[in-house]
Amino acid sequence: MRIQDTSKQFETAAARPLVVTDRMVIDAAEIELALDRVDMNKTAGPNGAHPVTLRPLVNIPAAWFAKHFTASLNTGVLPTNSKLTQVVPIDKGGRRETLHANDL
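For the sequence shown, full-length UniProt numbering assigns the number 104 to the last residue and increments by one with no breaks.
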C-alpha cells in the first residue's frame, strides 16, 4: 500500500491548502502478493476466517479487489454487505464467577 503525497505539488507550505488529504492506493500486485503469502495450513485468524476460505479469491482478478479496497479506504465507507457479521460466542470453559466484563 502506498500513499500519494499531494502536498509536494505546492512550492511552499504557505501555498498549501489547510487540509491536504493523502490518498491511499492499493494496487493489484499487492493483493496478489498478499494472497500468495497466505499459509493454508494455519488456523483461523482473529476474525474467525480460516485461510482456506481465501482460496477461491485467487480466481477473481486482483485489480477488482484493488479498486474496491482503494475506494473504501479513500471514502471511509464500507459497502453495506461488508458490514454484515455473525457473532458466535465460544465457551472456553472455566468458572462463570471469574468472568469479568472486560473478558467479553
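Every residue gets a Cβ at the ideal spot worked out from N, C-alpha and C, and that includes glycine.
Residue i versus residue j: straight-line alpha-carbon distance, rounded
i	j	result
A29	R95	49 angstroms
D27	T43	27 angstroms
P79	D91	32 angstroms
V88	A62	30 angstroms
G45	F65	20 angstroms
T70	G93	41 angstroms
I3	V38	A caution first: I3 carries a pLDDT of 49, below 50, which makes its placement in the model unreliable, though a value can still be read off. If you take the alpha carbons of I3 and V38, they lie about 24 angstroms apart.
T75	N47	23 angstroms
V25	V52	27 angstroms
E32	V77	23 angstroms
H68	I60	13 angstroms
R23	P56	29 angstroms
L18	L73	Annotation note: pLDDT 43 at L18 (below 50); position unreliable, no value reported.
Proximity winner among the options, relative to residue i (alpha-carbon distances)
i	options	result
V58	V88, G93 and A34	A34
M40	I31, H50 and V25	H50
L54	G93, T70, D36 and W64	D36
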